[in-house]
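What follows is a single structure, written as structure tokens, with notes after it.
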Amino acid sequence: YAANCSSCHGPKGAGDGPLSAGLQPAPAKHADGAYMNALTNEHLFKVVKEGGAAVGRSATMAPWGTSMSDEEIMGLVAFMRGLADPPYTGTMP
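Mapping of the sequence shown onto the numbering used here: residues 7 to 99, in sequence order.
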């Protein structure tokens, strides 16, 4: 997360990374449980693997599927789940 996500999404997932200022739409706030907890693990996996455009979000969200394995992506989804407040109570990937 620190290497690939925090520059836009922020180190704690608040959407306040150093590159977030000029992005429209703004990066998702992974710490926002009201938003994140409603998303399925499959949706989050697809966003990370295929990029934002694959789910109708920003094309500036890079696809990581060529540089991360599916297992690494699932681990990242689990990490993102841990940032949510209120906490995610669904099935962890």
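By construction, the Cβ of each residue, glycine as well, lies at the ideal position given by its N, Cα and C atoms.
Just so we're clear, the structure is a prediction, and the values are computed from it rather than from any experiment.
In the DSSP output, what is residue i paired with across the bridge?
| i | result |
| --- | --- |
| aspartate 38 | Asp91 |
Under the assumption that residue i contacts residue j (Cβ atoms under 8 Å), give the Cβ distance between them as a whole number of angstroms.
| i | j | result |
| --- | --- | --- |
| phenylalanine 51 | methionine 74 | Between methionine 74 and phenylalanine 51 the Cβ distance is about 11 Å, and since that is not below 8 Å, they are no contact. |
| glycine 23 | proline 33 | 7 Å |
| alanine 90 | alanine 44 | With 8 Å as the limit, alanine 90 and alanine 44 do not qualify as a contact, their Cβ atoms being about 10 Å apart. |
| lysine 35 | glycine 57 | About 18 Å; that fails the 8 Å criterion. |
Quick check on residue i: buried or exposed, where buried means 16 or more other Cβ atoms within 10 Å of its Cβ?
| i | result |
| --- | --- |
| tyrosine 94 | buried |
| histidine 49 | exposed |
| leucine 82 | buried |
Cα separation between residue i and residue j?
| i | j | result |
| --- | --- | --- |
| tryptophan 70 | aspartate 76 | 10 Å |
| alanine 9 | arginine 87 | 17 Å |
| methionine 67 | glycine 39 | 20 Å |
Length at least 4, wholly inside the stretch 46-89: the alpha helix (DSSP H) runs in chain order = 47-56, 76-87
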